[in-house]
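Residue numbers (this note's numbering): 145 to 322.
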């Protein structure tokens, strides 16, 4: 089952998430939709409803996993699967930045890639990968090598996504931050 936006928001309400997390998820949904629409316009096949539902629900496990960030995405995917939403569970499971470059959890489908990228350039507003990288380095100074490696891989994914959508990061930034 792929939940509607209303159903997805009702699910979010069950998990005691702070308002900034909900705002982030909704913006990730809008950014994912924007990128997905651009890709469709340029001949790509994107399952928008699946993508948007996953975007809204991508952080539903934040209050559960707390600082155990390696479980982030996995717990949410398990919850979604148990609720009969196994179609969107893999997208949610693969969105954590630590998954990039891994053989089994690296985003593969176009929807997984869009969701992964949209999440990385979104806080409560649109941010560049460079800005996001600085925030990760500040939060996790002991993980500098891993963060820099992951940022490089996310940068390659950004190039792929923007090329397929025939847009630039500035297009996204101007659309949402103006």
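The beta-carbon is built from N, C-alpha and C at its ideal position, and this holds for glycine as well. In this text the structure is predicted, and so the values were computed from the model without any measurement.
Contact between the region 161-177 and the region 226-234 is absent: fewer than three C-beta pairs spanning the two stretches fall below 8 Å.
For the 8 Å CB-CB criterion, residue 257 and residue 317 do not form a contact. Between the C-alpha atoms of residue 262 and residue 175 there is a straight-line separation of about 6 Å.
Residue environment: residue 293 is assigned as exposed (fewer than 16 neighbouring CB atoms within 10 Å of its CB, all protein chains considered). Listed in chain order, the non-local C-beta contacts of residue 195 below 8 Å within the same chain comprise 176, 177, 180, 235, 255, 258 and 259, local neighbours out to five positions each way being set aside. The residues 228 and 229, in chain order, have a CB closer than 6 Å to that of residue 145 in the same chain once the five nearest residues on each side in sequence are set aside.
Restricted to the region 240-314, the alpha helix (DSSP H) segments that are unbroken, complete and at least 4 residues in length are 254-264, 273-283 and 288-309, listed in chain order. DSSP places residue 157 inside the alpha helix (DSSP H), whose first and last residues are 149-157. Under the three-state reduction of DSSP output, residue 191 falls in the coil class, being neither helix nor strand.
Rounded to the nearest angstrom, the gap between the Cα atoms of residue 313 and residue 189 is 21 Å.
Taking residue 182 as reference, the option from 322, 274 and 315 with the minimal CA-CA separation is 315. By the neighbour-count definition (other C-beta atoms within 10 Å, threshold 16), residue 266 is a buried residue. The criterion of a C-beta distance shorter than 8 Å is satisfied by residue 201 and residue 155.
The Cβ neighbour count for residue 300, taken over all protein chains shown within 10 Å, is under 16; the residue is labelled exposed. In the displayed model, residue 232 falls within coil according to three-state DSSP, outside both helix and strand. In the assembly as shown, residue 205 is a buried residue. Its beta-carbon has 16 or more other beta-carbons within 10 Å. With 16 or more other Cβ atoms from the protein chains shown falling within 10 Å of its own Cβ, residue 168 counts as buried.
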